Amino acid sequence: MSALRKTTLALLGGAALASSGAWAQEDLTVLPAPSDDYQPELTAWGEPDFRGGWPIDHLNGRTPLQRAAEHGDRQLLTQEEFAERTGMVEALEQRYQNEDSTDTMGIGHWAEVAAANRRTSWITSPSNGQLPAFTAEGQRLSDAMRSTWVQGQPFDTWHDFDSWDRCISRGLPASMFPFMYNNGMRIFQSPGLVAIQMEMVHETRLIPTDGSAPIPSQIDHWLGESRGEWEDHNTLKVVTTNFKPGPSATNIGTTGSPRENDTPVSNQARLVERFHMVGPDEIIYEFTWEDPVVFTQPWSARLEWQRDEDYEIYEYACHEGNVQIRNFITASRAERAEAAAAAVGGSE
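Given below as structure tokens:
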């Protein structure tokens with residue numbers, strides 16, 4: 233186990249293992265509101281200083297995006313449920329240990345896990361922890377989406393792949409959730425600007441905080457157009473619009489997400505985020521996603537970030553030399569040609 237994993241286990245496991253009495257008394261349907269007691273240090277130009285490494289590897293403990301029905305409206309697991317999830321995570325971690333002991337490299341290293349935590353889902357609203365229902369138009373858009381994750385889909389052109397298949401973008405809010413690997417996040421600041429570097433697909437979000445006017449609605453981006461403002465002494469509020477339709481709003485790489493990467497994004501989507509720094513090494517990240525074209529109501533999520541200045545972000549070389557697109561197309565055409573030949577032969 234790496235030093236990072238050991239630290240994560242100590243931090244999350246130790247914080248969660250309260251006494252049986254404390255577990256029994258707490259309200260499992262409520263998450264505590266972010267504290268406003270902490271005063272972050274200020275940058276040289278007088279803004280709260282959020283700069284540093286904030287990887288979300290520690291959240292990759294198999295907490296699902298959507299809550300299982302048996303948990304109802306509970307935000308937190310019971311003591312027994314937490315013990316069960318811990319056992320599952322430890323079993324997955326054993327793959328990593330087995331590969332280390334046999335000097336091999338496989339799924340244990342490719343899809344690493346962190347310590348279990350008590351959250352029943354990342355989604356906090358609606359109260360059932362599930363994505364809201366699609367509108368009729370949202371369902372139509374979802375049915376039309378194409379990617380390598382859509383079962384039984386033929387491939388003939390780059391239009392049959394999504395932006396993640398093509399190593400262009402995971403989009404938002406999908407990029408802000410933990411994945412099975414490459415969970416690095418780093419915040420940079422300069423006067424009037426906050427930048428969030430994301431390791432996966434090497435994207436960087438640029439967020440002006442100088443009150444600059446929004447751009448015209450006709451201009452859209454994979455990650456939208458963001459505008460930020462400092463709200464209170466420890467909170468960065470970011471509003472993002474001007475989304476380019478294409479990426480799925482959810483990603484299969486996050487546990488509990490729709491399996492075919494088919495959550496559409498319309499040009500009416502709006503993301504409202506709040507980054508609350510509640511301690512020198514902790515940010516509570518909350519957002520609400522509104523897309524009236526796709527969803528029947530908004531939905532919200534919350535994740536707890538931890539500072540880790542030892543995490544290194546390396547180049548994410550994916551688009552360069554990406555042979556997946558060509559291979560899917562040639563294999564799909566070969567399969568269909570073989571099936572057609574077999575059908576002709578069978579009819580003779």
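Position 151 of the sequence shown, counted from 1, bears residue number 383 in the numbering used here, the numbering being contiguous throughout. Where is the CB? At the ideal position from N, CA and C, for every residue including glycine. Fair warning: this is a prediction, and the values are worked out from it, not measured in the lab.
Please classify residue i as buried or exposed, where buried requires at least 16 other C-beta atoms within 10 Å of its C-beta.
i: His581; result: In the structure as shown, the chain starts at 233 and stops at 580, and residue 581 therefore has no counterpart that could be examined.
i: Leu455; result: buried
i: Thr352; result: buried
i: Arg565; result: exposed
i: Pro479; result: buried
i: Gly293; result: buried
i: Leu468; result: buried
i: Ser251; result: Caution applies to Ser251, whose pLDDT of 45 falls short of 50 and renders its modelled position unreliable; the model cannot decide the point.
i: Ile339; result: exposed
i: Asn559; result: exposed
i: Gly460; result: buried
i: Leu274; result: exposed
i: Ala572; result: exposed
i: Gly361; result: buried
i: Gly488; result: buried
Going straight from the alpha carbon of residue i to that of residue j, what length do you get?
i: Pro296; j: Asn483; result: 12 Å
i: Tyr543; j: Arg502; result: 31 Å
i: Asp392; j: Gly384; result: 12 Å
i: Ala242; j: Asn349; result: Residue placement at Ala242 is flagged as unreliable, the pLDDT there being 37, under the threshold of 50; a coordinate-derived value is accordingly withheld.
i: Leu244; j: Arg539; result: Reliability fails at Leu244, whose pLDDT of 44 lies under 50, so the model's placement of it is uncertain and no value is given.
i: Ser532; j: Gly577; result: 55 Å
i: Phe409; j: Trp521; result: 13 Å
i: Gly304; j: Thr310; result: 12 Å
i: Gln429; j: Tyr548; result: 12 Å
i: Asn554; j: Ser395; result: 13 Å
i: Pro358; j: Glu369; result: 20 Å
i: Thr240; j: Ser407; result: Low confidence applies here, because Thr240 scores a pLDDT of 44, under 50, leaving its location unreliable and the question unanswered by this model.
i: Trp462; j: Gly278; result: 11 Å
i: Tyr546; j: Ala574; result: 48 Å
i: Leu249; j: Glu258; result: With a pLDDT of only 43 at Leu249, under the threshold of 50, the placement of this residue in the model should not be trusted, and no figure is reported.
i: Pro386; j: Ala445; result: 44 Å
i: Asn466; j: Cys550; result: 36 Å
i: Arg426; j: Trp354; result: The residue you asked about is not Arg; residue 426 is Val in the sequence shown. Using only the alpha carbons, I get a separation of about 25 Å.
i: Ala481; j: Ser374; result: 11 Å
i: Asp464; j: Arg327; result: 45 Å
i: Glu302; j: Glu431; result: 34 Å
i: Asp442; j: Ala276; result: 16 Å
i: Phe411; j: Ile516; result: 18 Å
Could you give the first and the last residue of the continuous beta strand (DSSP E) run that contains residue i?
i: Ile439; result: Glu435 to Pro440
i: Ala323; result: That residue, Ala323, is in no beta strand (DSSP E); its alpha helix (DSSP H) goes Gln311 to Ser333.
i: Trp537; result: Trp531 to Gln538
i: Ile355; result: Ile355 to Ser357
i: Gly340; result: Gly340 -> not in any beta strand (DSSP E); alpha helix (DSSP H) instead, spanning Ile339 to Trp342.
i: Arg351; result: Segment: none, Arg351 is in no beta strand (DSSP E) and carries neither H nor E.
i: Glu277; result: Checking the displayed sequence, the identity of residue 277 turns out to be Trp instead of Glu. Unbroken run through Trp277: none, as it is neither H nor E.
i: Val470; result: Thr467 to Thr473
i: Ser458; result: Glu457 to Glu463
i: Phe519; result: Glu514 to Glu522
i: Arg502; result: Arg502 to Gly511
i: Phe420; result: Met417 to Ser422
i: Leu425; result: Leu425 to Met430
Check this for me: beta carbons of residue i and residue j, under 8 Å apart or not?
i: Tyr413; j: Trp342; result: yes
i: Glu514; j: Glu536; result: yes
i: Thr528; j: Ala365; result: yes
i: Leu263; j: Thr356; result: yes
i: Pro287; j: Gly485; result: no
i: Val470; j: Glu505; result: yes
i: Gln450; j: Leu363; result: no
i: Glu313; j: Val345; result: no
i: Ile447; j: Asn474; result: yes
i: Pro496; j: Val526; result: yes
i: Val321; j: Ala347; result: yes
i: Pro530; j: Gln500; result: no
i: Asp452; j: Met377; result: no
i: Asp397; j: Ile557; result: yes
i: Glu518; j: Arg534; result: yes
i: Leu260; j: Gln307; result: yes
i: Ser498; j: Pro477; result: yes
Are the C-beta of residue i and some C-beta of chain B separated by less than 8 Å?
i: Leu263; result: You won't find chain B in this structure, because it holds only one protein chain.
Would you mind reading off the limits of the alpha helix (DSSP H) that contains residue i?
i: Glu369; result: Ala368 to Ala376
The region 318-336 / the region 503-515 touching (three or more Cβ pairs under 8 Å): no
At a cut of 8 Å, does the region 388-402 reach the region 433-442 through at least three beta carbon pairs? Contact between the region 388-402 and the region 433-442 is present: three or more C-beta pairs spanning the two stretches fall below 8 Å.
Spell out a yes or no on whether the region 275-292 and the region 406-425 are touching, meaning 3 or more CB-CB pairs, one atom from each, closer than 8 Å. yes
Would you say the region 258-273 touches the region 368-383, given that touching needs at least three Cβ pairs under 8 Å? no
Touch test, the region 310-329 against the region 556-573, Cβ-Cβ under 8 Å, three pairs minimum: no
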